[in-house]
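The structure appears below as structure tokens.
4 protein chains.
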Amino acid sequence: MAGNTFGTVFKVSTFGESHGNALGCVIDGCPSGLTIDSDDIQKALNRRKPGSTGQDGKLNPSVTARKEDDKVEILSGIFNNKTEGTPIALLIRNTSQHSSDYSNLETTFRPGHADFTYYQKYGFRDYRGGGRSSGRETAARVAAGAVAQKLLEKYNIKVVAYTLKACGIECTKKDISQIEQNLMRAPDNESAQKMQEKIEEIRKSGDSAGGVIECVIQNCPAGLGEPVFDKLDAELAKAMLSIGAVKGIEFGRGFEVSDLSGSQNNDSMHSQNGKPVFDSNNAGGILGGISNGNEIVFRLAVKPVPSIYKNQDTVKIDGDDFVSTQLEIKGRHDICLCPRIVPVVEAMANLVIADMLLRNMSAKA
Amino acid sequence: MAGNTFGTVFKVSTFGESHGNALGCVIDGCPSGLTIDSDDIQKALNRRKPGSTGQDGKLNPSVTARKEDDKVEILSGIFNNKTEGTPIALLIRNTSQHSSDYSNLETTFRPGHADFTYYQKYGFRDYRGGGRSSGRETAARVAAGAVAQKLLEKYNIKVVAYTLKACGIECTKKDISQIEQNLMRAPDNESAQKMQEKIEEIRKSGDSAGGVIECVIQNCPAGLGEPVFDKLDAELAKAMLSIGAVKGIEFGRGFEVSDLSGSQNNDSMHSQNGKPVFDSNNAGGILGGISNGNEIVFRLAVKPVPSIYKNQDTVKIDGDDFVSTQLEIKGRHDICLCPRIVPVVEAMANLVIADMLLRNMSAKA
Amino acid sequence: MAGNTFGTVFKVSTFGESHGNALGCVIDGCPSGLTIDSDDIQKALNRRKPGSTGQDGKLNPSVTARKEDDKVEILSGIFNNKTEGTPIALLIRNTSQHSSDYSNLETTFRPGHADFTYYQKYGFRDYRGGGRSSGRETAARVAAGAVAQKLLEKYNIKVVAYTLKACGIECTKKDISQIEQNLMRAPDNESAQKMQEKIEEIRKSGDSAGGVIECVIQNCPAGLGEPVFDKLDAELAKAMLSIGAVKGIEFGRGFEVSDLSGSQNNDSMHSQNGKPVFDSNNAGGILGGISNGNEIVFRLAVKPVPSIYKNQDTVKIDGDDFVSTQLEIKGRHDICLCPRIVPVVEAMANLVIADMLLRNMSAKA
Amino acid sequence: MAGNTFGTVFKVSTFGESHGNALGCVIDGCPSGLTIDSDDIQKALNRRKPGSTGQDGKLNPSVTARKEDDKVEILSGIFNNKTEGTPIALLIRNTSQHSSDYSNLETTFRPGHADFTYYQKYGFRDYRGGGRSSGRETAARVAAGAVAQKLLEKYNIKVVAYTLKACGIECTKKDISQIEQNLMRAPDNESAQKMQEKIEEIRKSGDSAGGVIECVIQNCPAGLGEPVFDKLDAELAKAMLSIGAVKGIEFGRGFEVSDLSGSQNNDSMHSQNGKPVFDSNNAGGILGGISNGNEIVFRLAVKPVPSIYKNQDTVKIDGDDFVSTQLEIKGRHDICLCPRIVPVVEAMANLVIADMLLRNMSAKA
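Protein sequence lines, in the order shown, are assigned to chains A, B, C and D.
Residue 8 is where the first sequence starts when you use the working numbering, and the numbers rise one by one after that.
Residue 8 is where the second sequence starts when you use the working numbering, and the numbers rise one by one after that.
Residue 8 is where the third sequence starts when you use the working numbering, and the numbers rise one by one after that.
Residue 8 is where the fourth sequence starts when you use the working numbering, and the numbers rise one by one after that.
Listed below in structure tokens is the structure:
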């Protein structure tokens, strides 16, 4: 039983390989009556595009030239700019598949990539550009997330993610307003500058770098999350770990809690004008798997890009056997994925919250 | 839409409140023909029982006296000690509900607990002992996990979890054979001794402590996991974050990867007798969301027990308003949850792998 | 992937074999705050009990003696007679398993029963009294249906089913008030009397009889049903065909529509005080898979009881082979299932409507 | 929670409105390694096209001219003519939307159509050509069914459906080889001729006609179906009732069983070369919800086309009120849907059997 659908009430099914005809998604369960047009979705996709983060140290001059890339088409479910309650299908054509020769990857597995595991699972794979395991798959998530965001806006909920750390350099402040002012999508322009310099250095060495992304969900009402298995943090964890390159997640104080005492970690409460207020947010906005009304906060470990310009030991198929070989990956690749993953993290958070909002509607029916 | 069912092919639905009549589970989708009897399940439940971990510094002398606790009854699905392919229902009666007076918790919310969020979500709750949000709920998970384990045994897969760190003290070695030799379920008797001494100290201060649990899945075949959303790590993350007190998860090198370069992090491969072998396991056994045949390794952040013997600020309901109040929790509580959560982690890992094994059966059908 | 869960938001998972320890269900997704106690459920179960329909021509005198049968226990999810929003587990012990010798059925398959197909599917089965395939399984459905009914009552929706035809005798009127006045659960006491006489005759001949059940859902609001696959009629059809012995379903005019013209079959409309009113109900209350506000009406074909007191040709297992044999079924059996299936039909309709009510809550969210 | 996905392991999500940009589907869970190309799918779509059934009495001369209609494009999931195990997305553009003026249907509801119920459910609808409720939606089902058929071919299973009755005329023989030889898709050329003559007569009168479709599934192995809810007949019933215009289903002897005795209805068995053989097939190939190895047989009631050329009473929206009005539907419409629904019935049966085949793989794992 395959797993290309996310969500239970707000459900998104994605499709598409890196070098196939197209990728996209079908959203089933979006309420009727939301106002949305293709520009809303296109803007989200543009934020995800390679050129938009320009990790070569400056804003990529080819951004304009690539404008036609990742153009979304709404195939169904929206009429007169309003959602109909029927499935919303979104299409993104693969226009820029390079005719480069991938034949050497037909039998050889790139270290750190999913080539090997797809082969083991399916016995057959589209080896061009990683096929279904390519990061390109996330374009469909971002498109779907833009639709979910419309529902969240109706409830005044807002998701913000940013690069907290990259190539060993951590932000020293969190100024949300600076996130889109630098190419690292960091809430700290100065730290971002240092990250970019470090990235340039790493690029020259033919290597790559990891990082940490933080995500904050603002104005999430108390009550979202479905214990005991589909807890809000459990669903967010699944959503985030389903993003390639993410190797860990922690909520609130996260792994630090292992060294804290209960009296340090518990978030006490008091009343303000008859409303409950938390005195701290070590829990990251979730108690018992249900949102408590506080900001939801979590962080993600992002691994370094596995495609590096260094010779690596690996194996290839030779008949029924695997034999040792070496591989040097060619082409142009990102050095650090953080800024490009930020919109994907937001999209997945949008999808989780949209689903949980709708799921919660029958709790007290 | 509620969330008390886990898994998609090997599906477990749990039920039960801390102080209701009973708790238990229904397992739907367990293959027919597995040999199992109630002793197999009882043994797993016994490992989870409070007395078995004796965090007061020595093995709890009341273990024998409590033998009747958490007694499992098989209600259906097993005939002549073999699974029938029909739903397996397991029942655990709540026999030791103390008649203690919980009435002060009817309107007051314990800090760090789910009392507040359950009230916000459902507008009504069983306040006795935490109701559905009680850790007692995990007994049903452990019972179900024992059934899943039978399926895993057939495929020679084994799950082992242990306390890696508690109250700030980390194991200095990982000797699997020592896990059941100490009350902390640590793979290091010496460190366990130090942890227990520290716990005794914390107990006297009326406080509690957190920790880290590590879990290893041995002999998991390559090919399990269902991209792009139901990746193996995504499902494990959901499973683990659905356990109360768990605030984070990381796979393989985990959050360390944020400081690594690609050349440091990639697990290179070579061939040995025609079979592929990984030279390291930074990925924790999962690539692109699919098991790669290596050991699966992940760690969990466990928060300190929220029930402490100190006065805490909180709120209570007064008509339609919340008003500030203070609360001092009574009764006897664990200090550090790690040793008791270890069997729950194993149970959830058993469930995930069992489900993924069965899901994978149609991949190349 | 097994199929013992019904519904998607209001979800019921049932368990239990005819001669195992118990049967029951877990309901996940019932909204919190509904008032219900075990009497509500017990009453529904009592209506389904064998003694209550007395097909031997008069009310079975053993009804009182069997009073302990099918006693329901609420295990969880209800506190102070209110649903908590957590899983509601219901338990019914199997107390009256006769120690009769079923060993001749261990290898021989009863014609018209599921013995053969369960064996083919699972390779192993509990042959005592049909195991999981026994009609006894429906007790769990009736219990769950009683909970769903509480939700429907809140929305003023009412489900009524009755025997329309049995052993070739059809009701000549439909007087809802007479249904519980006769042992056939027919809306026509006179026809019921004739049916019972005919049944007595069939009983003496060692044979059995089929019939037709009709079900009406009153006050169902327009808008329920989820096209294009989970249409209201599609879900009702699945629900009803999942009841053993049901071999067909038709809505509104049903199979008669094959001989009608569009002008005869279309239900025209007019306005009454600004509200839409249908001039007829050939559609049976459903258009395009969505309820239209009219009464929902459908009929079910019920096959004759396969257990008859006549020698029948069948096969049994002999090593790896099947060999021809003959079988004469012993014990006491129903002659016509209609009156006993009526409460099961109502229960399943309750479950479908409850689920569809909750599913519809996110349509315009 | 919407319902545009069918199946649980072999899962199909469809999208598209009658006059939107496109319709199509995403198939998730198709095993890898099946050989398929777009011609296989195109052939199935061509069989469903309007022109192909020519109900005006002779093969529609515009068939060639419409060749570009319903052209399928494979967007993903198939590489080198082999399924990859990843989602298969299929796209069919809406090229022939007439610019006809549907504005009179914006507020007026066609009798017998879903216009009214969609409006009630979603509060907003695409009124052009029925929007999502249009029969055009079934093109996506047929495309998906063609992929499922590839899996069935691997297991030697074959689905055949045909018009058994139309406008009151029933076939007098069932010669499978004649089905594609006449425009009614009837297994009896002579009866088909009479049906067509009758249809021509009805057309002239401005009315429409219903019918009955029968479906046979050959070589289905014993063991498919998932009791107690997802029985094979229950899933087939859901699948078929999800097709617009289908108002009833019956298996094997169907509604006739209500008049049979058990001794007449039970299918006895004997052994032939050590294999079990049924002496009759009143059950229609299913016992206890599981296939028994016999041919699966069911019939469907098809209602007359609701679009007729006669003035009909209906209502329209006027502000917040509904007011009485009359409507005469324009344009060109089918008279009897049977021949066009036949391929849809086959497609849905293909989907059910494919899903059940894959679901059954874990039954004895």
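In this text, a Cβ means the ideal position worked out from N, Cα and C, and glycines have one as well.
Nothing here was measured: the structure is a model prediction, and the numbers come from that model.
Check: Distance between beta carbons of Arg54(B) and Thr145(B), contact taken as under 8 Å; Outcome: Not confirmed; about 12 Å, so no contact.
Check: Below-9 Å beta-carbon distance, Phe116(C) vs any chain B residue; Outcome: no
Check: Per-residue DSSP class, three states only, for Pro346(D); Outcome: helix
Check: Chain A within 9 Å of Ala308(B), Cβ atoms only; Outcome: yes
Check: Pair within 9 Å by beta-carbon distance, Ala153(D) and Ile48(D); Outcome: yes
Check: Contact check, Asn111(D) vs Lys165(D), beta carbons under 9 Å; Outcome: no
Check: Pro283(B) versus Ala372(A), Ile348(A), Gly92(A), Phe116(A), residue with shortest Cα-Cα distance; Outcome: Phe116(A)
Check: Straight-line Cα distance separating Gly217(A) from Ser287(B); Outcome: 18 Å
Check: Residue interval of the alpha helix (DSSP H) (run including Leu159(C)); Outcome: 145-161
Check: Closer than 9 Å to chain D by CB, Asn111(A); Outcome: no
Check: Extent of the continuous beta strand (DSSP E) run through Leu97(A); Outcome: 95-100
Check: Alpha-carbon spacing of Pro57(D) relative to Tyr109(D), whole angstroms; Outcome: 21 Å
Check: CB of Ala155(B) within 9 Å of CB of Cys32(B), strictly; Outcome: no
Check: Separation of Thr21(D) from Ile99(D), as counted between CA atoms; Outcome: 11 Å
Check: Beta-carbon gap between Phe3(C) and Leu243(C) smaller than 9 Å; Outcome: Past the edges of chain C, shown from 8 to 372, lies residue 3(C), and the structure says nothing about it.
Check: When Asn318(A), Thr93(A), Asp133(A), Asn88(A) are compared against Pro94(D), the one with the closest alpha-carbon; Outcome: Asp133(A)
Check: is_contact[Ser249(A), chain B] using C-beta, thresh 9 Å; Outcome: yes
Check: 4-residue-minimum alpha helix (DSSP H) runs that sit fully inside the stretch 261-308 of chain A, ordered along the chain; Outcome: 269-272
Check: Where Thr90(B) falls, given that 16 or more other Cβ within 10 Å makes a residue buried; Outcome: buried
Check: Which listed residue (Val312(D), Val352(D), Gly296(D)) has its alpha carbon closest to that of Asp122(C); Outcome: Gly296(D)
Check: Cβ-based neighbour list, Asp77(B), same chain, cut-off 7 Å, excluding 5 preceding and 5 following; Outcome: Leu52, Lys56, Ile99, Ala146
Check: Proximity winner among Lys205(A), Ala252(A), Gln188(A), Glu233(A), relative to Val219(A) (alpha-carbon distances); Outcome: Ala252(A)
Check: Contact with chain C by Pro94(B), beta-carbon distance below 9 Å; Outcome: yes
Check: Distance, Asp328(D) Cα to Gly230(C) Cα; Outcome: 17 Å
Check: Beta-carbon gap between Ala308(D) and Val312(C) smaller than 9 Å; Outcome: no
Check: Straight-line Cα distance separating Gln319(C) from Ser45(B); Outcome: 39 Å
Check: Test: Ala51(D) CB closer than 9 Å to a CB of chain A; Outcome: no
Check: Simplified DSSP state of Tyr129(A), which is helix, strand or coil; Outcome: helix
Check: Spatial distance of Gln203(D) from Thr170(D) (CA atoms); Outcome: 12 Å
Check: Extent of the continuous beta strand (DSSP E) to which Gln319(D) belongs; Outcome: 319-325
Check: Residues near Thr124(A) by beta carbon distance below 6 Å, same chain, minus five either side; Outcome: none
Check: Nearest-angstrom beta carbon gap, Ser141(C) and Ser25(C) [assumed within contact, 8 Å]; Outcome: 4 Å
Check: Minimum Cβ-Cβ distance from Tyr169(D) to chain A less than 9 Å; Outcome: no
Check: Any C-beta of chain B under 9 Å from that of Val352(A); Outcome: no
Check: Simplified DSSP state of Asp46(C), which is helix, strand or coil; Outcome: helix
Check: Cross-strand partners of Tyr169(D) (DSSP beta bridge); Outcome: Glu221(D)
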